[in-house]
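One structure is given below, encoded as structure tokens.
Residue numbers (my numbering): 1352 to 1664.
In structure tokens, the structure reads:
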């Protein structure tokens, strides 16, 4: 089975999926969140993909099922509750159980190795956290591309990478904010403009390694998985803008970031709202917003980054 997954809310603990990173090809939608639109387009057009799993977290993700209803492929949408709501972990656990059961029924398989997958993921995320702590000493572009390549592989084939030295302390230190960095060439342009990324809150990086380990021996594994997912640094789709910024601001100051680069997909309301909060609460810390139309878009990003770098000289 080749299930395309979208979002860090999809539990890797249940079964292997192909993590959606970027789509190159004809797009089915316009005037719509570029990331979600490209996800829908790949599920419909890529014959190698026979299913899709995605969360219900924002307006764009809520209507994905309607677009995929005629695709003739497996689809499942996870219901992700507001983290501080009473019974949030139990609600997400129930959705994860439904997901596991739906996969088993549709593909005619049994998924017996969830506990072992939890152990592997705990160890993988622990190793990734060590790599993340060395961001200022490595190439962020190599880091994020290696991370994407790893996430597309079956779990048992994933190997945490070892990267060489990068830009170093002489470059301008920035903190990266945004949704999944589908176009990793943006990271290369950031480095080419004279920046070194010292931290981020991207779903595939800073947020992923912030999740608490799952107890593989728990009586209710789905509940333990749900608690781990809900322990991650918050997504703006969960509305806790003040808490998101407080945690990010703490890391920004701890790592001596001189500025923030904020990357958002066009028509992505949660990040549009979050940006306005960031700009107001960062105070004297400069922030640059980079808006992209789809997962391949580079537009005038290189020139914009160079101009921003000049303002920090």
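Here a beta-carbon is modelled for each residue, glycine too, at the ideal position from N, C-alpha and C. None of these values were measured; they are calculated from a predicted model.
Asked: Between the Cα of residue 1664 and those of 1522, 1498, 1485, 1363, spot the shortest distance and give me the residue it belongs to.; Found: 1522
Asked: Thinking C-beta only, is residue 1533 closer than 8 Å to residue 1656?; Found: no
Asked: Helix, strand or coil, according to DSSP, for residue 1426 in the structure here?; Found: strand
Asked: Quick one: any contact between the stretch 1378-1391 and the stretch 1485-1493, if contact means 3 or more CB pairs under 8 Å?; Found: no
Asked: What does residue 1406 pair with, by DSSP beta-bridge criteria?; Found: 1429
Asked: My understanding is that residue 1473 touches residue 1564, with C-beta atoms under 8 Å, so please give their C-beta distance in whole angstroms.; Found: 4 Å
Asked: Could you tell me which residues DSSP puts in a beta bridge with residue 1523?; Found: 1546
Asked: Hey, how far is the Cα of residue 1489 from the Cα of residue 1595?; Found: 26 Å
Asked: Taking C-alpha atoms, which residue in 1635, 1577, 1428, 1615 lies nearest to residue 1444?; Found: 1577
Asked: Give me the Cα-Cα distance between residue 1411 and residue 1637, rounded to the nearest whole angstrom.; Found: 30 Å
Asked: Could you check the C-alpha separation between residue 1662 and residue 1581 for me, to the nearest Å?; Found: 38 Å
Asked: Hey, could you find the ends of the beta strand (DSSP E) residue 1611 is sitting in?; Found: 1610-1616
Asked: Tell me where the beta strand (DSSP E) around residue 1643 begins and ends.; Found: 1638-1643
Asked: Nearest-angstrom Cα distance between residue 1659 and residue 1372?; Found: 27 Å
Asked: Judging by CA-CA distance, which residue of 1370, 1358, 1649 is the nearest neighbour of residue 1503?; Found: 1370
Asked: Relative to the C-alpha of residue 1634, which candidate in 1597, 1647, 1642 has its C-alpha closest?; Found: 1597
Asked: I'd like to know if the stretch 1375-1389 and the stretch 1452-1466 are in contact, where contact means that at least 3 CB-CB pairs between them fall below 8 Å.; Found: no
Asked: Note down the Cα distance separating residue 1399 from residue 1651, rounded to an integer number of angstroms.; Found: 33 Å
Asked: Using the Cα positions of residue 1641 and residue 1549, report the straight-line distance between them to the nearest angstrom.; Found: 18 Å
Asked: Figure out for me which residue from 1571, 1426, 1434 has the closest Cα to the Cα of residue 1592.; Found: 1434
Asked: Three-state secondary structure (DSSP) at residue 1529?; Found: strand
Asked: My guess is that residue 1556 and residue 1498 are in contact by the Cβ rule of under 8 Å, so how many angstroms apart are they, rounded?; Found: 6 Å
Asked: Among residues of its own chain, excluding the 5 on either side of residue 1653, which ones have a beta-carbon nearer than 6 Å to its beta-carbon?; Found: 1540
Asked: Which runs of the alpha helix (DSSP H) spanning at least 4 residues fall entirely within the stretch 1367-1408, listed in chain order?; Found: 1385-1396
Asked: Only counting runs of 4 or more residues, tell me where the alpha helix (DSSP H) segments fall wholly within the stretch 1435-1462, in order along the chain.; Found: 1439-1458
Asked: Please report the straight-line C-alpha distance between residue 1439 and residue 1432, rounded to a whole angstrom.; Found: 6 Å
Asked: In chain order, which continuous runs of the beta strand (DSSP E) of length 3 or greater are located wholly inside the stretch 1558-1621?; Found: 1610-1616
Asked: Sort out for me which residues DSSP pairs residue 1648 with in a bridge.; Found: Looking at the DSSP assignment, residue 1648 forms no beta bridge with any residue, so it has no partner.
Asked: Given residue 1416, which residues of its chain have a CB within under 7 Å of its CB, disregarding the five upstream and five downstream residues?; Found: 1426, 1428
Asked: Residue range of the alpha helix (DSSP H) that residue 1495 falls in?; Found: 1491-1502
Asked: With DSSP as the reference, label residue 1625 as helix, strand or coil.; Found: helix
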